[in-house]
Amino acid sequence: MRIAALLVLGAAIIGTPALAETTVIHAGAVVVDADSQPRGQSTVTVTDGRIVSIEDGFADAPTGATVVDLRNKTVAPGLVDLHVHLTGDPGGDFWKEAVEPDEWGVVVGAKNARLTALAGFTTVREAGSGRESAFALRRGTEEGFIAGPRIVAAGPPLAIVGGHGDVSGFRPEVNEVLDTGFTCTGAVECAEKVRLASQNGADVIKITATGGVLSQQGRGLEAHFSDAEMKSIADTAHSLGLQVMAHAHGARGVEAASRAGIDTIEHGTYLDEAAANEMKKNGTVLIPTLMAFQGVTERLGKGIYTPVVEEKIRAVAETARVFMGKAMRWGVPIAFGTDAGVFGHGRNAGEFALMVAQGMGHREAFATATTNAAKVLGMENEIGRIAPGYSADLIAIDGNPLEDTATLENVGWVMVRGRVID
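Residues in the sequence shown are numbered consecutively from 239, following the numbering used here.
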């Protein structure tokens, strides 16, 4: 009898649905998206990580709900940064690749994930890491073990042998030992490496389509991959349902990447009108990463970078102050990305001031980090606005970011997937 009773009780417990977790947020104002005027006093209800409703005024909370008092704040959608390196910190000490294990990147990444979320960025695209570190970090934040944003991870970037993204600066035998296994030569091998990245868990394919500023080689900033290689990468990725993001500085490299079907151009420093027209024709989105240029410039002349890197930083400094404004005037679609990791994590929102300084309006800048960025990720029905059914990715600030994006540099409260970050 006792065993039978226990079995009945156990079955009843198993059959009982878990109680829903509800949070009721009383907000002084709510910005639901970049296109709408702010609402006044409102109640946002979140259940099990999803936005359930937005009501006028301060509605009563149901029994058992958690109430968050933000009556003196503006609640806005969580921000999106499409280009970060959570597993690294700024500096010129490239030699650490030879002495630190990839696992250390997860430790560093856990620190930086929290800083990034506290800065108001609830979704990020991790733009290059060790073979496993970003994927482990992605799982940790998804399952709630690590405080941080939703992570869309690329893993190791695809590069040409000896190019930006490949290992360089060491003795040949050390370069060989540190090789990530993601360099490729020829269309067939490049397609194979895309498939390998997909097999290993990549959410997006990152390639280094041109030379770069911080790599230890002075091969210029023009195209690295051939047209056939880039087209093979793009076609293979798209056949697997993956987008391709391309680090690219030189104009002809930018143009070639867009023509090949690459989805986003990261940096785009020497973009000219011909490259802009190609991007506009193909719907290729520019991720300008203006904070990256500011971050490396702040470290010039301090013995941090090698001479070859310092020379490249000085060469791009002036162009970095104007190129995004030109792209905007030429009609290139733009979304928000910073290259955090080149500068200190948590400063991501400094990008807004740099975008505005190049001629972008505050409302438009806010859109680049919300609705525009969500669309780039194919997540426009999940993130980027406050609406019923969307993920509960929310921030609280003072003032109206549609009129002054500087308010986004001081975020006072953050929720990611219904979890408050503190």
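We put the beta carbon where it would ideally sit given N, CA and C, even for glycine.
Using only alpha-carbon positions, find the residue among the options that is nearest to residue i.
| i | options | result |
| --- | --- | --- |
| residue 648 | 588, 504, 627, 522 | 588 |
| residue 427 | 290, 609, 467 | 467 |
| residue 264 | 601, 275, 281 | 281 |
| residue 590 | 268, 614, 318, 369 | 318 |
| residue 461 | 481, 295, 489 | 489 |
| residue 185 | 637, 391, 638, 629 | It is not possible to answer for residue 185, since the shown part of the chain is limited to 239 through 660. |
| residue 533 | 580, 547, 289, 266 | 580 |
| residue 615 | 594, 480, 338 | 480 |
| residue 514 | 577, 566, 593, 485 | 566 |
| residue 300 | 597, 283, 289 | 283 |
| residue 475 | 564, 436, 486, 420 | 436 |
| residue 313 | 389, 399, 278, 540 | 278 |
| residue 290 | 631, 650, 494, 547 | 631 |
| residue 536 | 582, 545, 288 | 582 |
| residue 650 | 544, 342, 359, 441 | 359 |
| residue 556 | 619, 531, 441, 272 | 531 |
| residue 441 | 410, 399, 511, 370 | 370 |
| residue 397 | 420, 540, 609 | 420 |
Name the two residues that bound the continuous alpha helix (DSSP H) containing residue i.
| i | result |
| --- | --- |
| residue 601 | 600 to 606 |
| residue 590 | 588 to 595 |
| residue 520 | 511 to 520 |
| residue 585 | First-last for residue 585: undefined, no H or E at that position. |
| residue 470 | 465 to 477 |
| residue 562 | 561 to 567 |
| residue 529 | 528 to 536 |
| residue 623 | Element bounds for residue 623: n/a, residue is neither H nor E. |
| residue 375 | 371 to 380 |
| residue 570 | No alpha helix (DSSP H) contains residue 570, which DSSP labels as neither H nor E. |
| residue 427 | 425 to 438 |
What distance in whole Å lies between the Cβ atoms of residue j and residue i, which are believed to be in contact at a cut-off of 8 Å?
| i | j | result |
| --- | --- | --- |
| residue 599 | residue 525 | Wrong, their Cβ atoms sit about 19 Å apart, outside the cutoff. |
| residue 326 | residue 352 | With a Cβ gap of about 15 Å, residue 326 and residue 352 do not count as contacting. |
| residue 518 | residue 568 | 7 Å |
| residue 316 | residue 621 | 7 Å |
| residue 638 | residue 276 | 6 Å |
| residue 262 | residue 324 | In fact, because the Cβ distance is near 32 Å, the residues do not count as touching under 8 Å. |
| residue 654 | residue 355 | 6 Å |
| residue 320 | residue 553 | Incorrect: roughly 25 Å between the Cβ atoms, too far for contact. |
| residue 509 | residue 492 | 6 Å |
What does the alpha-carbon distance come out to for the pair residue i and residue j?
| i | j | result |
| --- | --- | --- |
| residue 633 | residue 626 | 16 Å |
| residue 347 | residue 340 | 11 Å |
| residue 652 | residue 297 | 21 Å |
| residue 248 | residue 258 | Per-residue confidence for residue 248 stands at a pLDDT of 48, beneath the threshold of 50, marking its modelled position as unreliable; no derived number is given. |
| residue 204 | residue 393 | Lying before the first or after the last residue shown, residue 204 is absent from the chain, which here runs from 239 to 660. |
| residue 624 | residue 562 | 28 Å |
| residue 522 | residue 463 | 18 Å |
| residue 418 | residue 366 | 11 Å |
| residue 447 | residue 425 | 14 Å |
| residue 274 | residue 285 | 24 Å |
| residue 304 | residue 439 | 36 Å |
| residue 270 | residue 364 | 26 Å |
| residue 372 | residue 559 | 31 Å |
| residue 423 | residue 431 | 10 Å |
| residue 477 | residue 498 | 14 Å |
| residue 570 | residue 520 | 10 Å |
| residue 267 | residue 260 | 20 Å |
| residue 578 | residue 636 | 24 Å |
| residue 495 | residue 465 | 8 Å |
| residue 443 | residue 293 | 40 Å |
| residue 433 | residue 487 | 26 Å |
| residue 338 | residue 368 | 11 Å |
| residue 349 | residue 546 | 30 Å |
| residue 445 | residue 485 | 6 Å |
| residue 586 | residue 388 | 15 Å |
Start and end of the beta strand (DSSP E) containing residue i?
| i | result |
| --- | --- |
| residue 389 | 388 to 391 |
| residue 303 | Segment: none, residue 303 is in no beta strand (DSSP E) and carries neither H nor E. |
| residue 643 | First-last for residue 643: undefined, no H or E at that position. |
| residue 613 | No beta strand (DSSP E) holds residue 613; the alpha helix (DSSP H) holding it covers 609 to 614. |
| residue 343 | Careful: residue 343 lies outside any beta strand (DSSP E), inside the alpha helix (DSSP H) at 340 to 356. |
| residue 266 | 260 to 268 |
| residue 444 | 443 to 446 |
| residue 524 | 523 to 525 |
| residue 618 | That residue, residue 618, is in no beta strand (DSSP E); it is neither H nor E in DSSP. |
Closest Cβ-Cβ distance between residue i and chain B: below 8 Å?
| i | result |
| --- | --- |
| residue 584 | Although the question refers to chain B, the structure presented lacks it and comprises just one protein chain. |
Any heavy atom of the ligand PLP within a distance shorter than 7 Å of the CB on residue i?
| i | result |
| --- | --- |
| residue 625 | This structure lacks the ligand PLP; in fact it carries no ligand of any kind. |
Check your understanding: Can you find at least 3 beta carbon pairs, one from the segment 630 to 646 and one from the segment 362 to 380, that sit closer than 8 Å?
Key -> With a cut-off of 8 Å, the segment 362 to 380 and the segment 630 to 646 do not count as touching, because too few Cβ pairs lie within range.
Review point. Would you call the segment 496 to 505 and the segment 514 to 534 touching, i.e. three or more CB-CB distances under 8 Å?
Key: Yes: at least three Cβ pairs fall under 8 Å.
Exercise for review: Answer yes if the segment 463 to 477 comes into contact with the segment 377 to 391, meaning at least three C-beta pairs across the two stretches below 8 Å, and no otherwise.
Suggested key: Flag = no, the segment 377 to 391 and the segment 463 to 477 do not touch.
Check your understanding: Are there three or more Cβ pairs, one per stretch, closer than 8 Å when the segment 601 to 621 is compared with the segment 297 to 310?
Key -> Taking 8 Å as the limit for Cβ pairs, the verdict is that the segment 297 to 310 does not touch the segment 601 to 621.
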